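Residue numbers (the working numbering), protein chains in the order written: chain R, 605 to 996; chain E, -16 to 133. We put the beta carbon where it would ideally sit given N, CA and C, even for glycine. Computed from a predicted structure; not experimentally measured. Have a look at the structure below before the remarks.
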Ligand SMILES: Cc1ncc(COP(=O)(O)O)c(C=O)c1O
Ligand code: FES
C-alpha cells in the first residue's frame, strides 16, 4: 500500500474547512432550538438562518429574500426546473437546456418530457461550449425556461452565462443556471449576469454535504417543492438544517474572501499538470476548453486504456481521482458529456478527471507525474488496442 | 463497489500477460465501444492447452478475469476448456461485484473464440461455422440491466 494520500477529486466533494465546522458545531448542541418557535432558543436559530441568508445574498448580488435554502444542489435543480415548468405551463411547455448538464438537470428534464413538456437539448462544440446564438435560435413562442450550467463538472468548461442571460432577459424567458461547480471558483453576481435562478451546493466549496441553496429572483413564478410548514416563506417546507445552513454561509464567505488567491493557485497547478501530461505521455487528448475552464479541472483521455483500471492503479499509489468510463459507473455508456463533445466511446472510456483543491501542492503534482506515466504505460502494454497501433 | 482480494491480486499482478508469436489459436472478443476487449492466445499440443496469454482493454474485473481464465485453461484439453463458464472464472476469483459479472462473460467467450480459431486452422470446423463467441454482448447486457432495473 502507498504511504501517500493525495486527493484530486474536489469536483466530487471537498473536505469541510475547520472554521466552517467550528461555526456549525454550536447549532447541533447548544443552540438546538427549532427556528419556527417563539421562545428565545428558537429565535436564536431563526436569527442564524437569516444572517446566513444575508451573507449568501450579499456575495452573489441578490436580496436576502431571494435566497432559499435546500437539502442539496440536486434539490435546488429539481425545484428550479420543475417549479418553473409547472408554474408556467399555461404559457407554454418548452424548455431549453444543454446535452452536458449534470444528471440533476438532465433527468429532471427527461421526467418533464414524460409529463408532456418539450425539451431542446442543445449540442455543444468539441470544447463543451454552447453559443448564445444557439440559445437564441432555439427560443420559441412557447419557451418558458432556459437552464444552462455555469461550469461543467466533468470537463470544467465555463459557459457564456452573461451573454445567454442577456438574451433570456430580452425575450422575457426565465433563466436558470446550475452553478454548483462554479460557486467558490468564480465570482458570480446574479444581477450583472441576468440570471433568474441559480443553484449551489455547500459541499463543493468546503461546506457540509446535504445542504444547498436556490436563488430565485423576485417576481419569478415557481411552484413550491416541499409542501408542509411555513419555512422558507412557505415555499420549501421542512424544519431548517440550521448547522448546515450556517456552514454553507460560512464556507461561501471564506471562499469569497480567498477567491483570487485560490483561483491563482489552482490555475497554476492545473496548467502545470496539463503541460506535463501532454509532454510526458503520448496519445492523450485534453477534454474541455484550454482557457474557459474551471481553475482546478484537468480532464484527459488516454488512448488504448480504460478509466477504471487507471483509477484502481492510481488508488494503489494513494491518488484519488475519477473517470467518465462506463466501467466506473455501473452503467454501459461512458459519460454523456464526453460523448457530447464528440469523443468516440473508446476514448471516453479512457478518461481521467483530476480536480485540484485547497490542500494540493506542487509536490502533489510532482508525485502524480512520477506515477501516472508509468501506470499509463503499464496498462497500454496490457492492451490489445495499443498492440495494433505499435505494430502499424 | 468492492473487489475481492483475489481480484485485486490478479489485477495488480496479472498472470500471463502478453502474446504468443506462434500461437495455435487466437481469439478476440468484446468491442472498444463497450469499453472492453480481450484477446487470448493459446498454444495447443495434442488437443491439450500448454500455454495461454492475454491482452485486455477493460476494467479491473476484466483484467482479473482474463488473468484467471488463462490460469484455468492451462493444462486442460480443449474439450475441458470449452466447459469453463464465466461463473467458474468468477468463483475462482472469490466472486465479482454484481455489476461486474458481465466482464467475466468476456473471459468465457475469449476461451471459446481462441479454441474455435484453433479448430478452424485445423480444418475441424468451417470458416464461419460454430463460432460461439457472442457478438451481441452489449445488447445482451442492456437487456439484462434493464431487467434488473425493473
Ligand atoms: C454541476 C452539478 N450539479 C448538481 C450537483 C448535485 O449536487 P448535490 O450533490 O449537492 O446534490 C453536482 C454535484 O455532483 C454538480 O456537479
Ligand atoms: S470492462 Fe467495463 S465494466 Fe468491466
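For residue i, is the classification buried or exposed, using 16 other Cβ atoms within 10 angstroms of its Cβ as the cut-off for buried?
i	result
residue 113 of chain E	Interpretation of residue 113 of chain E is limited by its pLDDT of 48, a score under 50 that renders its predicted location unreliable; no figure is taken from the coordinates.
residue 81 of chain E	exposed
residue 643 of chain R	exposed
residue 993 of chain R	exposed
residue 106 of chain E	exposed
residue 928 of chain R	buried
residue 718 of chain R	exposed
residue 651 of chain R	exposed
residue 948 of chain R	exposed
residue 864 of chain R	exposed
residue 882 of chain R	exposed
Is there a Cβ from chain E that is less than 7 Å from the Cβ of residue i?
i	result
residue 710 of chain R	no
residue 758 of chain R	no
residue 749 of chain R	no
residue 907 of chain R	no
residue 841 of chain R	no
residue 944 of chain R	no
residue 988 of chain R	yes
residue 627 of chain R	no
residue 913 of chain R	yes
residue 978 of chain R	no
residue 972 of chain R	no
residue 634 of chain R	no
residue 930 of chain R	yes
residue 953 of chain R	yes
residue 707 of chain R	no
residue 858 of chain R	no
residue 916 of chain R	yes
residue 698 of chain R	no
Please confirm whether residue i has its beta-carbon closer than 7 Å to some beta-carbon of chain R.
i	result
residue 78 of chain E	no
residue 116 of chain E	With a pLDDT of 47 at residue 116 of chain E, under the threshold of 50, the modelled position of this residue cannot be trusted; read the value that follows with caution. For residue 116 of chain E, the answer is no, since every Cβ of chain R falls outside 7 Å of its Cβ.
residue 27 of chain E	no
residue 66 of chain E	no
residue 8 of chain E	no
residue 22 of chain E	yes
residue 38 of chain E	yes
residue 0 of chain E	yes
residue 16 of chain E	yes
residue 43 of chain E	yes
Taking just the CA atoms, how far does residue j sit from residue i?
i	j	result
residue 707 of chain R	residue 641 of chain R	37 Å
residue 663 of chain R	residue 784 of chain R	15 Å
residue 999 of chain R	residue 859 of chain R	As shown, chain R starts at 605 and ends at 996. That puts residue 999 of chain R outside it, with no answer to give.
residue 747 of chain R	residue 740 of chain R	11 Å
residue 732 of chain R	residue 941 of chain R	8 Å
residue 752 of chain R	residue 42 of chain E	33 Å
residue 810 of chain R	residue 880 of chain R	28 Å
residue 563 of chain R	residue 847 of chain R	Residue 563 of chain R is absent from the model: chain R starts at 605 and stops at 996.
residue 77 of chain E	residue -7 of chain E	11 Å
residue 130 of chain E	residue 688 of chain R	Residue placement at residue 130 of chain E is poorly supported in this model, since its pLDDT is 36, which falls under 50; the coordinates are not used for a value here.
residue 769 of chain R	residue 24 of chain E	59 Å
residue 686 of chain R	residue 716 of chain R	7 Å
residue 745 of chain R	residue 780 of chain R	18 Å
residue 720 of chain R	residue 697 of chain R	8 Å
residue 31 of chain E	residue 980 of chain R	35 Å
residue 876 of chain R	residue 760 of chain R	16 Å
residue -9 of chain E	residue 49 of chain E	13 Å
Rounded to whole angstroms, how far is the Cβ of residue i from the Cβ of residue j, which I believe are closer than 8 Å?
i	j	result
residue 39 of chain E	residue 51 of chain E	So it is not a contact: roughly 12 Å between Cβ atoms.
residue 813 of chain R	residue 617 of chain R	7 Å
residue 819 of chain R	residue 801 of chain R	6 Å
residue 857 of chain R	residue 653 of chain R	Incorrect: roughly 15 Å between the Cβ atoms, too far for contact.
residue 925 of chain R	residue 953 of chain R	Wrong, their Cβ atoms sit about 15 Å apart, outside the cutoff.
residue 983 of chain R	residue 909 of chain R	4 Å
residue 986 of chain R	residue 9 of chain E	Between residue 9 of chain E and residue 986 of chain R the Cβ distance is about 16 Å, and since that is not below 8 Å, they are no contact.
residue 660 of chain R	residue 834 of chain R	About 20 Å separates the two Cβ atoms, so there is no contact after all.
To which residues of the same chain is residue i closer than 6 Å at the C-beta, ignoring the five residues directly before and after it?
i	result
residue 636 of chain R	none
residue 656 of chain R	849, 850 and 853
residue 54 of chain E	-2
residue 627 of chain R	850 and 854
residue 69 of chain E	87, 88 and 91
residue 975 of chain R	921
residue 998 of chain R	The structure shown does not extend to residue 998 of chain R, since chain R spans only 605 to 996, so no value can be given for it.
Given residue i, which residues of its chain have a CB within under 8 Å of its CB, disregarding the five upstream and five downstream residues?
i	result
residue 963 of chain R	611 and 619
residue 951 of chain R	889, 905, 907 and 942
residue 608 of chain R	921, 922, 923 and 971
Tell me which same chain residues have a C-beta within less than 7 Å of the C-beta of residue i, skipping the five on either side of it?
i	result
residue 960 of chain R	612, 614, 870, 873, 874 and 900
residue 757 of chain R	615, 706 and 785
Using 6 Å as the cut-off, classify the Cβ of residue i as near or not near the heavy atoms of ligand 4, replying yes or no.
i	result
residue 952 of chain R	Ligands in the displayed structure: ligand 1 and ligand 2; ligand 4 is not one of them.
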